[in-house]
């Protein structure tokens, strides 16, 4: 059984991974073109405006993408956890 605490930890863990990807501190290539394009676009967007607010916007967009396409991103989520 997954508790709310476990779910919260998983989300925080992914937020940290998303931050690393956006700041180009980690590299990840998916089999899904849409995810690769999103990562590249958010990296460029953050590079042009490296503020905490911009980082939060980029992380929020990444989270929304993963929420929307959760069903087809399961293998990517597992792979990202290992970054």
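In our numbering, the protein residues as written are 433 to 515.
Ideal placement from N, C-alpha and C gives every residue a C-beta, glycine not left out.
Because the structure is a prediction, the values reported are computed rather than measured.
CA nearest to the CA of residue 444, picked from 505, 503 and 492: 492
For residue 454 versus residue 475, is the C-beta spacing smaller than 7 Å? yes
What three-state label does DSSP hand residue 458 in the structure shown? coil
Contacts around residue 487, its chain only, beta-carbon distance under 7 Å, and the 5 residues preceding and following it disregarded: 451, 454 and 478
Which runs of the alpha helix (DSSP H) spanning at least 4 residues fall entirely within the region 456-511, listed in chain order? 465-480 and 484-500
To which residues of the same chain is residue 494 closer than 6 Å at the C-beta, ignoring the five residues directly before and after it? 450
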